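Enquirer: Here it is: the structure, laid out below.
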Amino acid sequence: MNQKTACIVLLLIACAPPAAAASVVQLTDDPAFDAYPFWSPDGDRITFVSSDGVHAGIRVMERDGQNPVPVTDDRSWNLFTEFDPWSPDGKKLLFLSGDEEGPDLWTMNPDGTGKVRLTENGRILPGLTLSGYGADWSADGKRIVYTSCLFDNSAIWETFVATAANGSPAVNLSDIRKDADIWIMDADGGNKKQLTTGGDALLPLWQPHGDRIAYLSDPSGKSEIWTMQSDGTGKTQMTFSEGNVSGYSWSPDGTRIAYVVAAPPGTLPEFSLRVIESDGSGSEQLTTGNWDTSPVWSPDSSRIAFRSESRDRKLWVMESDGSGLAPLGPDNPTYMMQQWSPDGRTIVVSDGNDLYAIQLEDPAAPASPGFGVAAAAGALFLTVCLLRLRKQE
């Protein structure tokens, strides 16, 4: 390497901004298992599920972790898993509650008052036993779409409740019927209507700013994303994957869907992330060759945070086209359930025991605080190099 080349290389090193180091703030520190955090629409509060391993309750705290308040009792279980409980206006929480009558959907005020039971024996099975059963608010907050299992698991459920009162539930999950359908109702529980009838529809999510509902269905024996209008008409298969679609999420602007596809049987096991347009066109693969799951969009729909079980770090973020892949925060093998704050500057996560906030750099800020100084130093260094070269010529 000649002296001129060395000057240029050293200049690039001097001017390059240092890597952004996201800071992490612990939000909860208690004996309970704290999980499933969700931000209020205004970003001022976080609600989450706190469990002792047998019972579960819901708590609400300020965004910095201060003043955690239990808003349900912990004598049974009250929770939400795969769905955002906040109503669009932030005035209600939608949650699952189980007692001797079975698991049902309820709403309440964020302070725990005004509890209203929306379903009666609706068989709204929770994610702690089966994945994919959930509910979602419409964009205007006037309706709720949900998964209902209107068949008789009552004997099994009674056993679950009885054993839960005395310790760990002893239920043979293979005895529980897993078929279910999508229903819709008003926000007060009225006007219930069944939207699917095949017994193979799960995980309904409402299109942001739209009137379509996405869900997972496997009428052909392979799980894919389907959409339909809120009245149940216009059912359309959106994805045609080699393997099963195991999860998905709408972009906040409602124009795209990110989803997880498992490798087909007989191939190397992996889970890849893909994205499609809201009309089912333009399928694009974002990751491959890894176990990547749980895509969560940034509020401006420009980035996707996800969890990886195979990479050297667990949480990652990338542009919505798959570029700019970067680890998210310091490494922690148990970070999961990531959720962006409404302003896009913080991601709250759980490690299975407590909640943490990963503070991101302000996108509008300079690349790093010392960049201007580094650039000036680099320019001065280059000047010195060039003067020395001229003297040698």
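Its first residue numbered 1, the sequence shown is counted upward by one per residue in the working numbering. Just so it is clear, CB atoms sit at the ideal spot from N, CA and C, and this is done for glycine as well. Since the model is a prediction, treat every value here as computed from it, not as a measurement.
1) Return the CA-CA distance between Leu195 and Ala201, expressed in angstroms with no decimal places.
2) Does Lys193 come out as helix, strand or coil in the three-state DSSP assignment?
3) Return the chain-ordered list of same chain residues with a C-beta closer than 7 Å to the C-beta of Lys115, the five sequence neighbours on each side being excluded.
4) When the Cα atoms are used, what is the spatial distance from Leu205 to Val296?
5) If you reduce the DSSP assignment to three classes, tell me which class Tyr259 lands in.
6) Looking at the structure shown, is Thr28 part of a helix, part of a strand, or coil, going by DSSP?
7) Which of the three DSSP states, helix, strand or coil, is assigned to Gln338?
8) Buried or exposed: which applies to Arg256, given that a residue is buried once 16 or more other Cβ atoms fall within 10 Å of its Cβ?
9) Taking only the alpha-carbon atoms, compute the straight-line gap between Asp64 and Ile184 and give it to the nearest angstrom.
10) Ignoring anything shorter than 3 residues or poking outside the region 215-303, list the beta strand (DSSP E) runs there in chain order.
11) State the DSSP-derived secondary structure class of Thr346, mapped to helix, strand or coil.
12) Whose C-beta lies closer than 8 Å to the C-beta of Asp52 among residues of the same chain, with five residues either side of it excluded?
13) Return the residue from the list Ser223, His55 and Thr334 that minimises the CA-CA distance to Thr239.
14) So what does DSSP say about Ala374, is it helix, strand or coil?
15) Between the C-alpha atoms of Val71 and Leu268, what's the straight-line distance to the nearest angstrom?
16) Tell whether a beta-carbon distance below 8 Å holds between Gly322 and Leu360.
17) What would DSSP say about Ala56, mapped onto helix, strand or coil?
Expert: In short:
1) Translated into positions along the sequence shown, residue 195 becomes position 195. Translated into positions along the sequence shown, residue 201 becomes position 201. Straight-line Cα distance between these residues: approximately 10 Å.
2) Against the sequence shown, residue 193 aligns to sequence position 193. Three-state result, Lys193: strand.
3) Numbered from 1 along the sequence shown, position 115 holds the residue referred to as residue 115. Excluding sequence neighbours, Lys115 sits near Trp106 and Met108.
4) Sequence index remark: in the sequence shown, residue 205 carries index 205 (1-based). Sequence index remark: in the sequence shown, residue 296 carries index 296 (1-based). Taking the straight line from one Cα to the other gives about 13 Å.
5) As a working note, residue 259 is residue 259 in the sequence shown. Reduced to three states, the DSSP call for Tyr259 is strand.
6) The sequence position of residue 28 within the sequence shown is 28, counting from 1. Three-state DSSP puts Thr28 in coil, outside helix and strand.
7) Counting from one through the sequence shown, the residue named residue 338 turns up at place 338. Residue state, collapsed to three classes: strand.
8) Stepping through the sequence shown from its first residue, residue 256 is reached at position 256. Answer is buried; the Cβ neighbour count reaches 16.
9) Sequence index remark: in the sequence shown, residue 64 carries index 64 (1-based). Sequence index remark: in the sequence shown, residue 184 carries index 184 (1-based). Straight-line Cα distance between these residues: approximately 35 Å.
10) 224-229, 245-250, 256-262, 271-277 and 292-297
11) What you label residue 346 is simply residue 346 of the sequence shown in a count that begins at 1. If DSSP states are grouped into helix, strand and coil, Thr346 belongs with the strands.
12) Numbered from its first residue, the sequence shown carries residue 52 at position 52. Excluding residues within five positions, the ones whose Cβ falls inside 8 Å are Pro31, Ala32, Phe33 and Asp74.
13) Residue mapping note: residue 239 aligns to position 239 of the sequence shown, counting from 1. Selected option, being the one with the closest Cα: Ser223.
14) Locating residue 374 in the sequence shown gives position 374, where the first residue counts as 1. The pLDDT assigned to Ala374 is 33, lower than 50, so where the model puts this residue is not dependable; a value taken from the coordinates is nonetheless given after this. Reduced to three states, the DSSP call for Ala374 is helix.
15) Residue numbering aside, residue 71 sits at position 71 when the sequence shown is read from its first letter. Residue numbering aside, residue 268 sits at position 268 when the sequence shown is read from its first letter. Cα to Cα, the separation comes out at about 45 Å.
16) Here residue 322 refers to the residue found at position 322 of the sequence shown. Here residue 360 refers to the residue found at position 360 of the sequence shown. Against a cut-off of 8 Å, the Cβ pair of Leu360 and Gly322 comes out as no contact.
17) The residue given as residue 56 occupies position 56 in the sequence shown. Strand, per DSSP.
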